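Written out below as structure tokens is the structure these notes cover.
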Amino acid sequence: MKAAITGLTHYLPDYVLTNEELSQMVDTNDEWITTRVGIKERHILKDPHAGSSALAIPAVKELLEKTGTCPEEVDCFICASSAPDYRWPSTAAIICDACDIRHAMAYDIQAACSGFLFNLNQARAFIESGLYKKIIVCQAEKCSSFVDYTDRSTCPLFGDGGAAALVEPTDDDSIGIQDAVLYTNGEGNDHLILKAGGSVNVPSHQTVDDKWSYIYQDGRYVFKNAVTMMTQTSGEIMKKNNLTLEDIDWVCTHQANKRIIDAVRQYVGVSEEKVICNIEKVGNTSSASIPIALHMAAQEGKLKKGDTLLLAAFGSGFTYGAMILKWADCKI
Ligand code: UT7
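Residue numbering for the sequence shown follows the working numbering, starting at 2 and increasing by one per position.
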């Protein structure tokens with residue numbers, strides 16, 4: 002029994018924030034952002050009262066419709082978000098309420114930008130054990146809510162977006178999630194952190210003055226670790242599964258920086274045509290970045306049933322790892 006992605010959707014808010022517009026907000030320019038990061042534009046949810054759930058609800062509704070799934074059939078719902086609507090209730094509970102899903106074990110996970118792979122691996126365990134049969138893994142990321150638009154070192158990087166995937170059992174061994182190696186090494190904790198809002202630094206005038214409700218990132222340190230950790234786990238999973246470069250049809254990594262994507266590709270040794278990348282138009286949407294890129298590639302007709310995909314993720318924690326996924330008959 003394998004777990005396969007049988008449906009995939011994504012949602013991006015309408016507003017497009019271009020490098021030109023950002024250049025009028027902070028001391029930056031299109032040339033720097035394009036060459037150092039590879040982003041030209043990102044989508045932003047402008048409504049200050051709408052949270053991350055607003056980016057996932059349309060994706061989940063579309064997923065139910067496209068896969069012909071009734072809300073009451075969904076027995077498990079896992080939501081990854083780096084920017085949950087509230088401390089509680091869970092963002093999963095909010096999304097399920099809006100989508101009429103009332104018979105699922107619904108909950109959030111926190112694995113930062115690695116959320117999609119952590120989500121999928123958890124869904125895989127539930128499917129392989131026989132515990133659940135229709136699982137929605139959802140990624141809801143209003144990243145703009147933790148971005149300081151006066152800080153040029155972080156504000157060009159992030160965009161908002163949501164994605165949802167239906168994961169179901171299959172008897173066909175040639176499709177579905179084949180394997181995953183996922184880790185968390187807390188030595189990275191202080192280098193990529195949102196300090197306020199949790200129980201250590203509860204929101205106060207001080208945390209606002211100190212800008213602790215915004216992302217802090219030690220860019221160079223994070224960059225080096227992102228490359229090393231995604232490269233190592235990609236190599237590890239290929240070796241563990243006796244895969245050579247010829248066996249890999251597509252590589253899709255977390256979309257944080259085009260230079261990181263290029264470096265991982267070069268170290269792993271895969272040719273450029275096999276890389277799925279949408280960073281130029283979407284930016285870094287945290288846990289939603291891999292599923293949005295996959296969905297766009299599928300819509301472009303790139304992904305065929307049986308294709309072997311190498312996925313690699315990295316995020317705050319540091320959370321990181323790689324997965325081998327064989328593309329299924331997926332409703333898009
Ligand atoms: O998704 C979670 C994981 N996150 C990541 O994987 C992100 C990892 N890190 C990165 O992608 C890169 O480190 C950044 C994109 C964040 C920064 O790029 P960098 O090439 O590492 O730049 P830097 O921080 O070393 O800064 C180089 C220069 C500095 O100027 P000086 O000190 O050399 O004069 C910065 O002040 O670039 C300057 N700079 C900018 N200039 C124009 C930094 N941000 C900007 C900007 N526009 N937006």
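Note that the Cβ used here is the ideal one computed from N, Cα and C, for glycine as well.
Remember, it's a predicted structure, so these values are computed and weren't measured experimentally.
- Shown here for Leu-195: same chain residues with a beta carbon closer than 6 Å to its own, the five before and five after excluded, namely Phe-147 and Ile-216 in chain order.
- In the DSSP annotation of this structure, the continuous segment of the alpha helix (DSSP H) that includes Ala-227 starts and ends at 220–241.
- Collapsing the DSSP output to three states places Ala-105 in coil.
- Within the segment 12–53, the complete beta strand (DSSP E) runs of at least 3 residues fall at 16–19 and 42–45.
- When the alpha-carbon of Ala-105 is set against those of Gly-116, Ile-136, Phe-119 and Asn-279, the nearest one is in Ile-136.
- In the three-state reduction of the DSSP assignment, Thr-245 falls in the coil class.
- The three-state secondary structure of Gly-189, taken from DSSP, is helix.
- For Asn-258, the CB falls within less than 7 Å of some heavy atom of the ligand UT7.
- The three-state secondary structure of Glu-142, taken from DSSP, is strand.
- One alpha carbon belongs to Phe-315, the other to Ala-4, and they sit about 22 Å apart.
- Inter-residue distance for Gln-300 and Leu-18 is about 23 Å (C-alpha atoms, whole angstroms).
- Per the C-alpha coordinates, the member of Arg-266, Tyr-150, Thr-70 and Thr-92 positioned closest to Val-27 is Tyr-150.
- Excluding its 5 nearest sequence neighbours in each direction, Asp-250 has C-beta neighbours in its own chain below 7 Å: Lys-275, Asp-308, Thr-309 and Leu-310, listed in chain order.
- In its chain, beyond the 5 residues on either side, Thr-7, Gly-8, Leu-167 and Lys-332 have a beta carbon closer than 7 Å to the beta carbon of Thr-68.
- Gln-25 has its Cβ no nearer than 7 Å to any heavy atom of the ligand UT7.
- A straight-line Cα-Cα distance of about 15 Å links Asp-173 and Ile-325.
- Contact between the segment 180–192 and the segment 81–91 is absent, with fewer than three C-beta pairs closer than 8 Å.
- Considered as a whole, the segment 132–181 harbours no complete run of any alpha helix (DSSP H) with no fewer than 4 residues.
- Contact between Leu-158 and Gly-284 holds, since their C-beta atoms are separated by about 6 Å, short of 8 Å.
- The C-beta distance from Leu-118 to Leu-312 rounds to 6 Å, short enough to fall under 8 Å.
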